[in-house]
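Residue numbers (this note's numbering): -16 to 290.
We put the beta carbon where it would ideally sit given N, CA and C, even for glycine.
Note that the coordinates shown come from a computational prediction; the quantities given were computed from them, not determined experimentally.
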Amino acid sequence: MLAATRAFLGTLDETQKTTVMGERTQANLSQWSNLPDQLFKRAGLRMDKLNSGQQEAVRKILQTALSGQGYRQVTRITAADGVLASSGGMNLDFGADHYWIRILGTPSASGKWTLQYGGHHLAVNATMAGDAVTLAPTFWGAQPAGYTEASSEVEPLCGETVKAFKLVEALDDTQREAAVLTTPVKEIVLGAGQDDKTLAAEGVKASTFTDEQKSLLLDLISEWITPLNAEQAAAKLKSAEDGLAGTTFAWYRETEIGNPIYYRIQGPAFTIEFAHQQGGGANAGGITHIHSIYREPGNDYGAGPGS
């Protein structure tokens, strides 16, 4: 990631470097959103303003920061925005290349610095400190949630959806009753602009799960961890497994696949939220429109702006 970032910076002129670089302050770290550009002012360089060589250099950074699965997730989400743009009717600035790169702090082998890449329905915050990479907070979204590309059906958040239903279907009646939230929740709570917010643990305790149920829960959690490269992801997955006794799973809405849902997983070191959106019409809401967030309370952005 460091070498790829330095190579990218080497393709820029001085004006572009000044635009893409920023101080690693909390205000700058927090300057991301899942909204389209007309509704949120971003900093950095947008992909459609870069030449082809510079765009390829950005892709190299993402490929080194993320696993193959993580990189595919990014490209599928951005491609969905291109599909949304071609569908028309919403009068907003969508597009597969309407995504921004920003680098906060000085890329180095010893100091702490952060790569930000995002736009509508995407926010990658990859913080590097030595050899360690923190991929939090991470926002994955999709609109539409499924589309056709080269005669193949693509669903960017398919695993995050299907595996959640498999888990809730595996719960017994008592566990399911404990999991279902009594207060309606129709949107993620810990999204953009909520860096200091915390949530009380709710739902069913994973300590009550059978081995099969624990395996299903870990498989679902892995959807947010395996976007990291293999070495980093292995340590995070081990931490998630070790922390299952202190993990809860909460659910709202129907429990049959094909219905809009909200769910939350809270472990000792992470919080995950997933929500289908409200609204009607093609690509507007329900199961066609998804928001999700992965956070590491106390360790988002690699534990804040300090070096």
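1) For Leu22, count neighbouring Cβ atoms within 10 angstroms of its own Cβ and tell me buried if that reaches 16, exposed if not.
2) Please report the residue range of the beta strand (DSSP E) in which Glu256 lies.
3) Return the chain-ordered list of same chain residues with a C-beta closer than 7 angstroms to the C-beta of Gly250, the five sequence neighbours on each side being excluded.
4) For Pro210, is the classification buried or exposed, using 16 other Cβ atoms within 10 angstroms of its Cβ as the cut-off for buried?
5) With 16 other CB atoms within 10 Å as the buried threshold, where does Gln14 fall?
6) Tell me whether the beta-carbon of Leu164 lies closer than 9 angstroms to the beta-carbon of Tyr277.
7) Let me confirm a value: Gln9 is counted as buried when at least 16 other C-beta atoms fall within 10 Å, else exposed. Which label applies?
8) Straight-line CA distance for Gln37 to Val168?
9) Leaving out five residues before and five after Asp80 in sequence, what residues of the same chain have Cβ atoms less than 7 angstroms from its Cβ?
10) Could you tell me the boundaries of the alpha helix (DSSP H) in which Glu143 lies?
11) Any idea if Asp283 is buried or exposed, counting beta-carbon neighbours within 10 angstroms, 16 or more meaning buried?
12) Would you tell me roughly how many angstroms separate the C-alpha atoms of Ser290 and Ser91, rounded to the nearest one?
13) Among the residues of its own chain, which have a CB less than 6 angstroms from the CB of Asp76, if the five just before and after it don't count?
14) What are the boundary residues of the alpha helix (DSSP H) that includes His213?
15) Measure the C-alpha to C-alpha separation of Leu(-15) and Ile60 and round it to an integer number of angstroms.
16) Which of the three DSSP states is assigned to Trp83 in this structure?
17) Nearest CA to the CA of Asp155: which residue from Ala213, Gly142, Thr191 and Leu45?
18) How about Leu173 and Thr254: are their beta carbons less than 9 angstroms apart?
19) Could you name each continuous beta strand (DSSP E) segment of 3 residues or more that falls completely within the region 5 to 88, going from the start of the chain to the end?
20) For Val163, which residues does DSSP report across the bridge?
21) So Gln99 is in the beta strand (DSSP E); what residue range does that whole segment cover?
22) Among Ala147, Leu105, Ala213 and Thr181, which one has its Cα closest to the Cα of Ala63?
23) Could you tell me the distance, in whole angstroms, from the CA atom of Asn108 to the CA atom of Leu45?
24) Please list, in chain order, all residues of the same chain as Leu87 whose beta carbon is under 6 angstroms from its beta carbon, the five residues on each side excluded.
25) Quick check on DSSP: helix, strand or coil for Glu185?
Judging by the given coordinates:
1) exposed
2) Thr254 to Gln260
3) Ala223, Gly226, Gly229 and Thr230
4) Buried, by the Cβ-count rule.
5) buried
6) no
7) exposed
8) 41 angstroms
9) Excluding sequence neighbours, Asp80 sits near Met30 and Asp31.
10) Cys141 to Ala153
11) buried
12) Summary for Ser290: the model assigns pLDDT 45, below 50, so the residue's position carries little reliability; its value from the coordinates is reported in the next sentence. Counting only the Cα atoms, Ser91 lies some 11 angstroms from Ser290.
13) Pro19, Asp20 and Gln21
14) According to the sequence as given, residue 213 is Ala; it is not His. Here the alpha helix (DSSP H) through Ala213 covers Ala213 to Asp225.
15) 24 angstroms
16) strand
17) Thr191
18) yes
19) 82 to 87
20) Trp234
21) Gln99 -> beta strand (DSSP E) spans Lys95 to Gly102.
22) Leu105
23) So the alpha carbons of these two residues sit roughly 11 angstroms apart.
24) Gly5, Arg7, Asn11 and Thr97
25) coil
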